[in-house]
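Novice: Note that the numbering used here has the sequence shown beginning at 13, numbered continuously upward.
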Amino acid sequence: MAINKNHEFEDLDGFKCAIVEKNATPARVEFLKPLLTGNGYTVVVVKSPPPKTAAPKAAAAAATTEPAEAPPPLPDTYTIGVTDLTFNPVNALFGRLLRTANGHIVTPAYWEQKDRESHDEVPYYEYNTTKQE
C-alpha cells in the first residue's frame with residue numbers, strides 16, 4: 013500500500029506496477045508509453061474500470077413513470093503503470109531523470125503536453141534571480 017497518493021501500486025495484468033497515471037485518454041497513452049519505454053521502463057496499460065453510477069439517481073428514475081434518459085457513453089480511459097516499483101512520476105520528473113527520444117530532459121510542460129518539444133532549461137535550484145556583483 014502506498015504511503016501517500018504520489019507513489020501508488022497496483023496489480024495490472026498480473027504484474028505488480030507503480031502507477032504512472034490513472035484515467036488516461038488513448039492520446040495520453042500514445043504519448044507516455046513510448047516516452048517511458050525509451051527510458052528503459054516496462055510499461056503496462058490496462059483499461060480503467062468504469063466509474064460507479066450514482067444509486068440514488070437510478071432509484072429515483074425507476075420510481076417515476078417517465079422513461080429515464082440514457083446517460084452518454086463514457087470515453088475509454090486507461091491506467092498506465094511500470095513494472096519498476098521504485099518509479100515515482102513526481103520524483104522522475106522533478107529529479108530530471110527522464111529523457112525524450114532526442115536526448116532532451118523531460119520538463120513539466122512537456123510531460124503535461126503543453127509544449128511539443130522539451131527544452132532543456134536551467135533547474136529551479138540553479139537559477140539565480142538576483143545578480144550579485
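Backbone N, C-alpha and C define an ideal beta-carbon position, used for all residues, glycine too.
From a predicted model like this one, the values you see are computed outputs, not experimental measurements.
Where do the N-terminal and C-terminal ends of the alpha helix (DSSP H) with Val11 fall, by residue?
Specialist: This structure cannot settle anything about residue 11, because the visible part of the chain is limited to 13 through 145.
Novice: Go ahead and pull the three-state DSSP assignment for Tyr53.
Specialist: Along the sequence shown, one-based indexing puts residue 53 at 41. Three-state result, Tyr53: coil.
Novice: Rounded to whole angstroms, what's the CA-CA distance from Lys28 to Tyr90? Just pull it up for me.
Specialist: Start at 1 with the first residue of the sequence shown, and residue 28 comes out as number 16. Start at 1 with the first residue of the sequence shown, and residue 90 comes out as number 78. If I take the Cα positions, the gap works out to 16 Å.
Novice: What do you reckon, are the CB atoms on Val32 and Gly93 nearer than 8 Å?
Specialist: For the purposes of this step, residue 32 is taken as the residue at position 20 of the sequence shown. For the purposes of this step, residue 93 is taken as the residue at position 81 of the sequence shown. A contact, by the Cβ cut-off of 8 Å.
Novice: Helix, strand or coil for Leu105, going by three-state DSSP, please let me know.
Specialist: Indexing the sequence shown from 1 puts residue 105 at position 93. In the structure shown, Leu105 sits in a helix (DSSP, three-state: H, G or I).
Novice: Could you tell me whether the Cβ atoms of Pro62 and Leu86 are closer together than 8 Å?
Specialist: In the sequence shown, the residue the question calls residue 62 occupies position 50. In the sequence shown, the residue the question calls residue 86 occupies position 74. Taking 8 Å as the Cβ cut-off, Pro62 and Leu86 qualify as a contacting pair.
Novice: Between which residues of its own chain and Glu145 is the CB-CB distance below 6 Å, once the five residues before and five after are set aside?
Specialist: Position 133 of the sequence shown, counted from the start, is the residue given in the question as residue 145. Caution applies to Glu145, whose pLDDT of 48 falls short of 50 and renders its modelled position unreliable; the value that the coordinates give is listed next. So no residue of the chain qualifies.
Novice: Hey, Asn18 and Arg111: beta-carbon distance below 8 Å or not?
Specialist: Here the question's residue 18 lines up with position 6 in the sequence shown. Here the question's residue 111 lines up with position 99 in the sequence shown. No. Outside cutoff.
Novice: Beta-carbon separation of Asp88 and Lys45 under 8 Å?
Specialist: Your numbering for residue 88 matches position 76 in the sequence shown. Your numbering for residue 45 matches position 33 in the sequence shown. No, the Cβ-Cβ distance between Asp88 and Lys45 is not below 8 Å.
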